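Chains as they are written, first to last, in our numbering: chain W, 1 to 292; chain E, 1 to 673. C-beta atoms are modelled at their ideal positions from N, C-alpha and C, and glycine is treated no differently. These numbers come from a predicted model, not from an experiment.
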Amino acid sequence: MSRVKWVALSLAILVVLLLLIAPGALAHVDPVATGDAHLQGPSGSHLFGTDLLGRDVFSRTVYGARPVLIASFLGVLLATAAGVAIGVLGGVAPRRLNAVVMRMVDVFLALPVLLIALILIATAGSGVRSIVLAIGIAFTPGFARVVESSVRRLRTAEYVEAARVFGSTTLRTSWRHLLPNLLTEVVVLGSSAIGWGVLTATTLSFLGLGVRLPAPDWGSDLAAGATNLADAWWLSTFPGLAIMATILLANFSGDHLMRVLDPRAGIRLGRSFRTLATHLSRHGGDTAYESA
Amino acid sequence: MSLLEVTGLRTEIDTPQGRIRPVDGVSFSVDAGETLGVVGESGSGKTMTGMSIMRLLPPGGSIAAGSIRLDGHELTSLDEPAMRRLRGSELAMIFQDPMTSLNPVRTIGSQLREAYRIHVDGSRAAATARATEVLGLVGMPRPRERLDDYPHQLSGGMRQRVMIALGLMCEPKLLIADEPTTALDVSIQAQILTLIDDLKAQLSMGVLLITHDMGVIAEYADRVAVMYGGQVVEQSGVRELFEAPRHRYTEALLAAMPTLELDRNAELATIPGSPPKLTDLVPGCRFAPRCAFAQDDCRRTDPALTGGGHLHACFHPADDSGSTMAVKASRTFAKEPRGADALVQLFDVHKRFKVRSKRPFAAKRAVQAVSGVTLTIAAGETLGIVGESGCGKTTLGRMLVGLERPTNGSVSFDGRDLSAQTRTGFRKRRRDLQMMFQDSAAALDPRMTVAALIAEPLVAQGVGTRRERRRAVRELLAAVGLPLEAAERYPHEFSGGQRQRIAMARALALRPKVIVADEPVSALDVSVQAQILNLMRSLQERYGQTYVVISHDLSLLKYLADRIGVMYLGRLVELGAGEDVYNAPRHPYTAGLIEAIPAPESAKNRAAATRSTGLGGELPSAIDPPSGCHFRTRCPLATERCAAEIPVLQPSEGLHAVACHHPLTTQVLTPAR
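Dropping the structure here:
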């Protein structure tokens, strides 16, 4: 990977971490505090302008990241774990059990996300937790389907048969051979699912099913700005751009992870960090750019 | 003037690893009505030479220097549209795999017609007539009806005939055949190569026959160019080459082949190391790092082709002084008395696979992969199983190690029936029954280090502590001749031969009593094959395990195996000591198989070697096999009795047994043990 890409990706991940842990470090204005300047365009004091109630749009965009990112990350994580487990189970199961498991997966695949979210919110109340669950449940069947077909393919791979020949149990083979070789696929799938998760989370809050107002959130802010789009373009545009940037970042880092995780690429994390460390100690910190 | 003249051809390809030169200064010529054999290992540039002539280079590839003249016209200066007009009309090419070279969703007829109408301005009817004619020419039965077939409806041999027909539609002047028979069985290989040879004379084409197989060259080429590392290192008439090879590489290559008259107890001559990687070539002679005769001048300067009629690029060529590639036969294997105890017993083993039909109410059908094999394998012996693809030899091997369970019959090991055991009991039993797979690249998990791979059987069986396993890995690496540093690396970092060594070490980890090796060397280059075969034999001497070697290659088994079993369509048709099966085959099928093998010896005496295609026809379908003797449809001796009555193999005390109503020879040369 080129140095420019490496630096860009590291910076982007740093920003994401800051957005999650300490949004106050990026935006100093309270996102909920109303002000006198209503519907002001972007300026030096308000980078992204202000909304109807005079709240700072930049600050709201920064603080609005957390619910969306948490919902999509955790939701996709949940879906990945459940989907891989179900997919591997279906893949190694005998034909009957496989049929039962996979038809149930098909039924869940047919459920609309909105319906799942509505049911959850009706029973567990609205909020990030319900959205995480909704995304998790809605995305699980997709993962399960892809993983199951990959496991079916891998099961006839010669190295899996070789493991059977020396008496490896099904559980052990799944853990030592199937899972590691599914990794690449799951990572790619997961990173694009984070993009979909962000879209789903914002759509749900756009529809008013997400975090409760006046707390900042990309989806609900986008919705709020939609009515004023003609005379205040900045209201919807900036949360929209933030959503776009997140999805792009998720896909880029997925591609990169895939390459790092493939042993054939010859990149080994341990080795990379060791060389980086020796470079730094030899030339001092200012050569970090080159050695990266 | 020759039909094709290639001078100083140099092809370059830009790859992510840098610019490589797969073809580096190659010169040769082909006359009309002549076959030039181009022989070499993987990466020698033989395919790229053919592709350069056709100008079908991969992305980033270009011809950097040299000239290619066809009938006196320069091809390198032609633009792409002009080249396109030549391809298919003047120049034709046949590829290795006829399945991927034919479009699966279009009929044979439409593909043949297309090949014709691109170059000839004719009507559809004229194209159909021509297609029928050419299909007849390549020996396709009922060509008119075949025009409406799709590629998948034809067998591999028939598909390759269609590929040849495709090439011949416009009567090309030059036919480039790139490993035309590597994907085919030996009996079909003989049919296809003879066909190409006949067509060459009939149409007075020039043929460029690209192959890795010296036997094919010996029987079907008029002249030979040997390639190594992108260069032609030796070029001469086929007889001169086989009688007195000059280049040390050719000499070593010929010595490394397991041949018919080879002494079983002698170690095979090997070429150390592996073929050069084009990304990092050494200066000087490219064979120098592997050559026992290399001097300082070899490592400094690249030798040029010299020597008049018998060209060779070598500073210290082989002569009559007697010293050959020195590694030859430095030791012999002890002729150990094989134990007579029966270790594995197969009794009337059957295996059926259900075939699901696409139509919902069609009758259920089954493929009879193995039908009624009874066999005893003695401790410490090497049993070879030979047969064409689809004969059930691989299924038999898989049943031996418990990857498949027999539908009927029993496999017992050490007196205990494997299928009668509980799951956990059977898992423990697996310690004694191990397998080596054909493609070691696929059989080694790409995400595990070599140390983890070799230790895995021990971990799975719960053998030893972590430290003991580490020591076992070190021992095994040394035993198979790999450096200790290999332990921390991943399989993709090794060459094919080294990977097969890793697979061997893993198979040995549990110290099994039986190792089933399914085509252990068929994916390897000839020069590397010999190393693995020697290794297998020396490890057997050391650890005393029993081998069951499954292969399509009879000459390999004759070298490796004490006894050979011949399979045909699920049945064992002949079983006997290797020498006997080879020298005095009793089943007509075995005799046909032996005849079909192209032998290097035939180059020395072309006239006397009556070229026989061995077996006619192809393997019938295993879904509904012929009644009685399965082989009767291809057998020259078949009578009515063969259709009515199934011949039985009588294993009488390990003697040379045959399942045939009309066996060829009745004398038994030697008792097997």
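Bridge partner(s) assigned by DSSP for residue 562 of chain E: BP columns for residue 562 of chain E are empty, so no partner.
Straight-line Cα distance separating residue 75 of chain E from residue 677 of chain E: The requested residue 677 of chain E does not occur in the structure, where chain E is confined to residues 1 to 673.
Rounded distance between the beta-carbons of residue 61 of chain W and residue 73 of chain W, thought under 8 Å: At roughly 18 Å, the Cβ-Cβ gap does not stay under 8 Å, so residue 73 of chain W and residue 61 of chain W are not in contact.
Neighbour flag for residue 664 of chain E against chain W, beta carbons, 8 Å: no
Closer than 8 Å to chain E by CB, residue 153 of chain W: no
Per-residue burial, residue 280 of chain E [other beta carbons within 10 Å of its own, 16 or more giving buried]: exposed
Beta-ladder partner(s) of residue 56 of chain W, from DSSP: W:50
Length of the line joining the Cα atoms of residue 658 of chain E and residue 631 of chain E: 13 Å
Any chain W beta carbon closer than 8 Å to residue 460 of chain E: yes
Secondary structure of residue 22 of chain E, DSSP reduced to three states: strand
Anticipated Cβ contact below 8 Å, residue 240 of chain E with residue 310 of chain E, distance rounded: 5 Å
Beta carbon proximity, residue 476 of chain E to chain W, threshold 8 Å: no
Buried or exposed by the 16-neighbour rule on C-beta atoms within 10 Å, applied to residue 179 of chain E: buried
Min CB distance residue 510 of chain E to chain W below 8 Å: yes
Bridge-paired residues (DSSP) for residue 350 of chain E: E:371, E:408
Whether residue 289 of chain E touches residue 273 of chain E by CB criterion (8 Å): yes
DSSP-derived helix/strand/coil call for residue 683 of chain E: Because chain E is modelled from 1 through 673, residue 683 of chain E falls outside the range shown and cannot be assessed.
Cα-Cα separation between residue 370 of chain E and residue 190 of chain W, rounded to whole angstroms: 45 Å
Any C-beta of chain E under 8 Å from that of residue 168 of chain W: yes
Chain-ordered chain W contacts of residue 456 of chain E [CB-CB under 8 Å]: 163, 166, 168, 176
Residue environment, residue 219 of chain W, which counts as buried when at least 16 other CB atoms sit within 10 Å: buried
The segment 81 to 97 of chain W in contact with the segment 133 to 151 of chain W per 3-pair CB rule at 8 Å: yes
Residue 22 of chain W Cβ short of 7 Å to the ligand HEM heavy atom set: In the structure on display, the ligand HEM does not appear, and there are no ligands present to speak of.
Extent of the continuous beta strand (DSSP E) run through residue 65 of chain W: Taken as a continuous stretch (DSSP letters only), residue 65 of chain W belongs to no beta strand (DSSP E), being part of the alpha helix (DSSP H) at 65 to 92.
Nearest residue (CA-CA) to residue 165 of chain E, options E:625, E:123, E:182, E:114: E:114
Nearest to residue 45 of chain E (by Cα), restricted to the options E:529, E:487, E:53, E:22: E:22
DSSP-derived helix/strand/coil call for residue 27 of chain E: strand
Proximity test, Cβ basis, 8 Å: residue 11 of chain E and chain W: no
Residue 211 of chain E - containing beta strand (DSSP E), residue span: 206 to 211
Pick from E:569, E:434, E:523, E:67 that is closest to residue 442 of chain E, judged by C-alpha positions: E:523
Where residue 324 of chain W meets chain E, residues with beta-carbon distance less than 9 Å: Since the first and last residues shown for chain W are 1 and 292, residue 324 of chain W lies out of range.
Closest Cα partner of residue 101 of chain W within the set W:114, W:85, W:25: W:85
Extent of the continuous beta strand (DSSP E) to which residue 5 of chain E belongs: 4 to 15
Chain-order list of residues whose beta-carbon lies under 6 Å from that of residue 333 of chain W (same chain, five-residue window excluded): Given a span of 1 to 292 for chain W in the structure shown, any question on residue 333 of chain W remains unanswerable.
Chain E contact for residue 93 of chain W (CB, 8 Å cutoff): no
is_contact[residue 353 of chain E, chain W] using C-beta, thresh 8 Å: no
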